[in-house]
Amino acid sequence: MSTPVIGVLALQGDVREHLVALAEADALARPVRRAEELAEVDALVIPGGESTTMSKLALLFGVMDPLRERVAAGMPVYGTCAGMIMLADKILDGREDQETVGGIDMTVRRNAFGRQNESFESGIAFKGLDDAPVHAVFIRAPWVEAVGAGVEVLAELPAADGPESRIVAVRQGNLLATSFHPELTGDHRVHAYFVRMVEEHLAVAAR
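The numbering of the sequence shown is this note's numbering, which starts it at 203 and goes up by one.
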């Protein structure tokens, strides 16, 4: 099987860090800003940033509609932090005119863990990565308030103020999303998990 080509939406956020993490996970990684660049990749990572600005930039650069079409056609996409918001079908505490790519049947609350100065790190159990907890960095992070029947919960974070846990990682089909930033930690296992998703998708498509 050929090495998967995975783009990183290069409108905002930790683009370089995602490119490095994907390369460490044995993918060919390249930045994507335009529709013609999106057409040349097998999959995409949507990084963190500010989700309302990212949405406006995606429309401005003409990649929003092509991205929606690729998602609907089954292209694997991984969204971190603001990228999680971009993949959500429903948003809480967003702007009234805010648009998303959608694709994951979930409701996400923006800035759910607080402001920039309330950022934190935590070790969390991630389904499918059972050898050690994932080192998760939360920066003005969202959490998932609710998921549909087709969404698999991969990781939860115990709430600081009670027994209820917060959903911080999900998967639906070829779409993966995390509230946190694994690209900032040097632990590339979540990126490797996504690369395996892409490889499986390409193998099925080649049959």
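C-beta: ideal position from N, C-alpha, C; glycine also.
Find the nearest neighbour of residue i within the set the options, judged by alpha-carbon distance.
i, options, result
"residue 251", "231, 215, 275, 278", "215"
"residue 369", "210, 344, 274", "344"
"residue 239", "223, 253, 272", "272"
"residue 249", "300, 386, 355", "386"
"residue 315", "358, 342, 299", "342"
"residue 243", "206, 390, 300", "206"
In whole angstroms, what is the alpha-carbon distance linking residue i and residue j?
i, j, result
"residue 237", "residue 335", "37 angstroms"
"residue 297", "residue 312", "10 angstroms"
"residue 346", "residue 402", "26 angstroms"
"residue 218", "residue 246", "14 angstroms"
"residue 267", "residue 303", "8 angstroms"
"residue 392", "residue 408", "25 angstroms"
"residue 253", "residue 232", "21 angstroms"
"residue 357", "residue 333", "14 angstroms"
"residue 204", "residue 229", "10 angstroms"
Who are the near neighbours of residue i in its chain, counting only those whose CB is closer than 7 angstroms to its CB and skipping five residues on each side?
i, result
"residue 259", "213, 214"
"residue 306", "289, 290, 291, 353, 372, 374, 377, 379"
"residue 322", "340"
"residue 256", "213, 214, 284, 288"
"residue 225", "231"
Would you mind giving the Cβ-Cβ distance between residue i and residue j, rounded to the nearest angstrom? I have them listed as a contact below 8 angstroms.
i, j, result
"residue 280", "residue 330", "Going by Cβ atoms, the distance from residue 280 to residue 330 rounds to 14 angstroms, so no, they are not a contact pair."
"residue 400", "residue 208", "6 angstroms"
"residue 241", "residue 397", "Incorrect: roughly 20 angstroms between the Cβ atoms, too far for contact."
Excluding the 5 residues flanking residue i on each side, which residues of the same chain have their C-beta closer than 8 angstroms to its C-beta?
i, result
"residue 294", "309, 310, 311, 312, 347"
"residue 221", "210, 231, 232, 233"
Under 6 angstroms Cβ to Cβ from residue i, same chain only, skipping five residues before and after it: list those, please.
i, result
"residue 338", "324, 326, 382"
"residue 262", "none"
Would you say the stretch 280-298 touches the stretch 371-382, given that touching needs at least three Cβ pairs under 8 angstroms? By the C-beta criterion, the stretch 280-298 is judged to be in contact with the stretch 371-382, since at least 3 inter-stretch pairs fall below 8 angstroms.
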